[in-house]
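Peer 1:
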Amino acid sequence: MRPGGQPNLQQLMKQAQKMQQQIADAQTELAEAEVTGTAGGGLVTATLSGTGEVLSVKIDPKAVDADDVETLEDLVVAALRNGTEAVRALTEEKMGPVSGGMGGLGLPGF
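Positions 637 to 746 (our numbering) are the ones given, in order, by the sequence shown.
Quick look at the structure:
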């Protein structure tokens, strides 16, 4: 802070640029990351990108029962949900330190 309680605009700009680079770096890491969600003790596995895109679904043949398709459907949904939760956790891990720093700029509401 400068005398009179005014923030140093140049310092704020440097902090904003640094934060912008940190966000870009975190987004790149997320785009390159892969997470796995499982269900049924590993009978169904879903692989998602760090941005949440479903990349693959693997189903163990033991999970396939023509007389009980609903259970397999539930396992697929559960694996996708588990993977989505892993994406959220990874996003929070990568973006949390960056977005948590907004208060350091001295901007109201951040």
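Idealized CB from N, CA, C, for every residue including glycine.
Which partner residues of L684 appear in the DSSP bridge assignment?
Peer 2: Position 48 of the sequence shown, counted from the start, is the residue given in the question as residue 684. L684 is bridged to V671, V690.
Peer 1: Looking only at its chain, what residues have a beta carbon closer than 8 Å to the beta carbon of L741, apart from the 5 residues adjacent to it on each side?
Peer 2: Numbered from 1 along the sequence shown, position 105 holds the residue referred to as residue 741. Note on L741: pLDDT 48, under 50, position unreliable in the model; the coordinate value appears next. Closer than 8 Å at Cβ, skipping near neighbours: L648, Q651, A652, M655.
Peer 1: Note down the Cα distance separating V680 from K694, rounded to an integer number of angstroms.
Peer 2: In the sequence shown, the residue the question calls residue 680 occupies position 44. In the sequence shown, the residue the question calls residue 694 occupies position 58. If you take the alpha carbons of V680 and K694, they lie about 6 Å apart.
Peer 1: Mind reading off the beta-carbon distance from L726 to G686? Whole number of angstroms is fine, and I expect it under 8 Å.
Peer 2: Here residue 726 refers to the residue found at position 90 when the sequence shown is read from its first residue. Here residue 686 refers to the residue found at position 50 when the sequence shown is read from its first residue. With 8 Å as the limit, L726 and G686 qualify as a contact, their Cβ atoms being about 6 Å apart.
Peer 1: Rounded to the nearest angstrom, what separates A660 and R717 at their Cα positions?
Peer 2: The sequence position of residue 660 within the sequence shown is 24, counting from 1. The sequence position of residue 717 within the sequence shown is 81, counting from 1. Going from the Cα of A660 to the Cα of R717 covers about 26 Å.
Peer 1: Let me know if G834 comes out buried or exposed under the rule of 16 or more other beta-carbons within 10 Å of its beta-carbon.
Peer 2: The structure shown does not extend to residue 834, since the chain spans only 637 to 746, so no value can be given for it.
Peer 1: Would you decide whether L684 is buried or exposed? Buried here means 16 or more other CB atoms lie within 10 Å of its CB.
Peer 2: Within the sequence shown, the letter at position 48 stands for residue 684. Buried, because 16 or more other Cβ atoms sit within 10 Å of the Cβ of L684.
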